[in-house]
Every structure is written in structure tokens, then in C-alpha cells.
Amino acid sequence: MPARKPIRVLVAEDDALIRDLVVELVEAEADMELSGAVVDADEAIALAREARPDIALLDVRMPGGGGPRAAREIRRVSPGTRIVVLSALGDRTTVDEMLRAGAVSYLLKGTSVEEIVEAIRRVAEEPLPIPDLESERRDN
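In the working numbering, the protein residues as written are 312 to 451.
Structure below.
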């Protein structure tokens, strides 16, 4: 049986300490590969366009338009990339905004390392959703 390809993960987080911890977490997992780590939405979009990661792990509040803009644009430039959010903000409005922008999983900062790794694996293994073209036309 052929070996599975590693899960390619892009990390977008403006807090250097958290970004470094998430990078270490991804690099420590044998079945994951870091596509890159960036500090803002613009860099996240550009890297997603270039690297086509399986997972984009995004913060909500970061420079360049934040997580919602990054999620929408990453879905556009790299449709196969799934969006996982890691944020300190857990209010319903913020969660809903990220889900509408394309996030498929939302984790709060402080979530255990094991739960973050499990969420990345679970989301990477889920079939890609069929886009709601009517909804996307209305949004544009």
C-alpha cells in the first residue's frame, strides 16, 4: 500500500509566539508538512495560491483584512484548501462570520495540542463540500 501524502498546512497568525508554537506542532507530526507560516491575510492568500495547502490554519484578527478576507480569498485561489480557525475570539458573531467566509472548523486558542492536531487530520480527511453556486453568486 502506498504511503499517504502528508497533510500540507499553512499557518497564518500575527502573534509570533503562537505562530511559532503552531509551526512546531505541525513539524512534530509525521503526517503533516508545513507549507509556510505568515503574519497577515495578504501573505496567507499569496502563499495559498502558490503552495495549494490542504489546510489553512487562520487567526481571525490579523493585518491585511483579517481571517474572514483570507478565508474567502483562499477558497477562491485554492479551492481544495480547507480553512481551520484558531482564535481567541469565540463569540457567535465572529464564529458565524468565519463559517460564512468558508471555515470548516473553529478552535479557540487554549485548545490542547492533541485537539488541534486531531482537528487538522479530521478536516483534511473530510470530502470537499460541493460549492453552493447560487449563494456565491448572491455574495458577489
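Cβ coordinates follow ideal geometry from the N, Cα and C atoms, glycine included.
- Between the alpha carbons of GLU426 and ILE394 lies a gap of roughly 16 Å.
- The segment 368-424 is shown to contain whole beta strand (DSSP E) runs of 3 or more residues at 393-398, 414-419, in chain order.
- Here ILE318 is bridged, per DSSP, to MET343.
- Where GLU437 is concerned, there is no enclosing alpha helix (DSSP H), because DSSP gives it neither an H nor an E.
- Cβ contact annotation for GLU344 (same chain, cutoff 8 Å, sequence separation greater than five): PRO317, ILE318, ARG319, VAL320, VAL337, in chain order.
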